[in-house]
Amino acid sequence: MLDIDALRPFLNTTLESTDFKNLGQKYTGKVRDVYIQSKKCHPELDEGRRILIATDRQSAFDRLWCTIPLKGQVLTQISAWWFEKVKDIMPTHILAVPDPNVMVVKDLHMIPIEIVVRGYLTGSTKTSAWVNYEKGIRNFCGNPLPDGMVKNQPFDAPIITPTTKSEDDELIDPTQIIERGLATKQQWEEITEKAFALFAHGQQIAAKHGLILVDTKYEMGLDEHGILTLADEVHTPDSSRYWIQDTTDSLDKEFFRLWLKEQGFEYGKPPPKVTDEIRLELAQKYIDLFERITGKTFVLPPPTDPTARIKKNLAKWQVS
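Numbered per this note's numbering, the sequence shown spans residues 2 to 321.
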């Protein structure tokens, strides 16, 4: 595991945001800055595309808190690794990885649903399985759950608990998805089939590396031919929960959520201050996951602002 002191020089060189010209229309997400180069606005392109720049911003409980050293680079590199591993299950949106923080992807017609696949009764957010189970809910997004389950217990088989894509994610069931026109019945059947296949493959690979893929979130869209395509990120520590086998020690964002709760975080109350030590510990966990899952050593870049490097590496992707 990378020594935490090796990460200290990066505390003051995190990537909080970008503002690049000639990359298309900018959209700012929770973590990623997205530059959209649609075919409609740029007919000279062979196909529409998006530039996804993973910043170091850290979100939790529907708000931004701080930056985490090298987080964007870790997310991008883990996603790129997983996209390669799952491409035989379904098409992916990835076109190129021109920089450690950047993916160039197809401009899809996104399906406005977050497809959450869960293998265990756990979680700490208001949309998580455990929080809702503790409230007495026994039909969770169309999945009947028996009484008597305990936290961190595995389900008999993985379940899908979709949410809407919005500022305040809303739990939704398959019937509502179809009634609202978010996806057709045929599309939803294909989405669930692919999501379960992706999750099973992810769990198999994680197990080989001494990890448990507890749950994860997928996003999908349709390409210009109407083909269902995997988008966004795959099996990252932001979109997934990972436990070290035979424990519930996490190598993901849940560590940060639980720390916030330990500091007394509650919705509507003044937020706790995030310390540098927690920022470093989370960075260390993300890098540890990268090394465990890929089998590669994470190579530290120079401890400088990555903006100039990203700009240089994106020069060939500029549009007029």
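A virtual CB, placed ideally from N, CA and C, is assigned to each residue, including glycine. Small disclaimer: the values here were computed from a predicted structure and weren't measured.
Requested in this report: Have a look at the DSSP bridge pairing and note the partners of Tyr121.
Outcome: To locate residue 121, count along the sequence shown from 1; it is residue 120. Note: Tyr121 sits in a beta bridge opposite Pro155.
Query raised in the report: Can you tell me whether DSSP reads Phe266 as helix, strand or coil?
Result: Stepping through the sequence shown from its first residue, residue 266 is reached at position 265. The answer is coil: DSSP assigns Phe266 none of H, G, I, E or B.
Query raised in the report: So, does the CB of Ser18 fall closer than 8 Å to a CB anywhere in chain B?
Result: No chain B appears in this structure, which consists of one protein chain only.
Report task. May I ask you to list the residues that DSSP assigns as paired with Asn144? Result -> Residue numbering aside, residue 144 sits at position 143 when the sequence shown is read from its first letter. DSSP output for Asn144 lists Phe141 as bridge partner(s).
**Report entry** Among Phe291, Asp47 and Ile54, nearest to Pro79 - alpha-carbon criterion
**Finding:** Sequence index remark: in the sequence shown, residue 79 carries index 78 (1-based). With the sequence shown as reference, residue 79 is identified as Ile, and Pro is not the correct amino acid for it. For Ile79, the nearest C-alpha among the options comes from Phe291.
**Report entry** C-alpha distance - Leu53 paired with Lys166, whole-angstrom precision
**Finding:** The residue given as residue 53 occupies position 52 in the sequence shown. The residue given as residue 166 occupies position 165 in the sequence shown. Cα-Cα distance, rounded: 18 Å.
Query raised in the report: Beta carbon of Gln285, beta carbon of Met2: below 8 Å?
Result: Reading the sequence shown from its first residue, position 284 is the one you call residue 285. Reading the sequence shown from its first residue, position 1 is the one you call residue 2. Yes.
**Report entry** CB contact flag (Gly120, Pro155, <8 Å)
**Finding:** Taking the sequence shown and counting its residues from 1, the one referred to as residue 120 is at position 119. Taking the sequence shown and counting its residues from 1, the one referred to as residue 155 is at position 154. In this structure, Pro155 lies closer than 8 Å to Gly120 by Cβ.
Query - Extent of the continuous alpha helix (DSSP H) run through Ala208 - result: As a first step, residue 208 is located in the sequence shown; it is residue number 207 there, counting from the start. From DSSP, the alpha helix (DSSP H) with Ala208 extends over Lys186 to Lys209.
Query raised in the report: Is the beta carbon of Gly143 less than 8 Å from the beta carbon of Pro175?
Result: As a position in the sequence shown, residue 143 is number 142, starting the count at 1. As a position in the sequence shown, residue 175 is number 174, starting the count at 1. Yes, the Cβ-Cβ distance between Gly143 and Pro175 is below 8 Å.
Query raised in the report: Among Asp306, His210 and Met111, which residue has its Cα nearest to the Cα of Gln246?
Result: Position 245 of the sequence shown, counted from the start, is the residue given in the question as residue 246. Answer by Cα proximity: His210.
Query raised in the report: With respect to the alpha helix (DSSP H) encompassing Ser80, which residues constitute its N-terminal and C-terminal limits?
Result: Numbered from its first residue, the sequence shown carries residue 80 at position 79. Unbroken alpha helix (DSSP H) run through Ser80: Lys72 to Val87.
Query raised in the report: When DSSP builds the beta bridges, which residues end up paired with Met104?
Result: Within the sequence shown, residue 104 is the residue found at index 103, counting from 1. Answer is Leu53.
Query - Residues that DSSP places opposite Met221 in a beta bridge - result: Within the sequence shown, the letter at position 220 stands for residue 221. Paired residues: Leu231.
Query - Assigned exposure category for Ala7 - 16 Cβ within 10 Å defines buried - result: Counted from its first residue, the sequence shown places residue 7 at position 6. The residue is exposed, with fewer than 16 neighbouring Cβ atoms inside 10 Å.
**Report entry** Closest by C-alpha distance to His226, when choosing among Glu191, Ser241 and His110
**Finding:** In the sequence shown, the residue the question calls residue 226 occupies position 225. Nearest C-alpha to His226: His110.
Requested in this report: Would you please state the rounded distance, in angstroms, between the beta carbons of Gly49 and Val320? I believe it to be under 8 Å.
Outcome: Taking the first residue of the sequence shown as 1, we reach residue 49 at position 48. Taking the first residue of the sequence shown as 1, we reach residue 320 at position 319. Rounded, the Cβ-Cβ distance is 11 Å, inconsistent with contact.
Query raised in the report: At a cut of 8 Å, does the segment 89 to 103 reach the segment 53 to 67 through at least three beta carbon pairs?
Result: yes
Query - Three-state class that DSSP yields for Leu3 in the structure shown - result: Taking the first residue of the sequence shown as position 1, residue 3 is located at position 2. The answer is coil: DSSP assigns Leu3 none of H, G, I, E or B.
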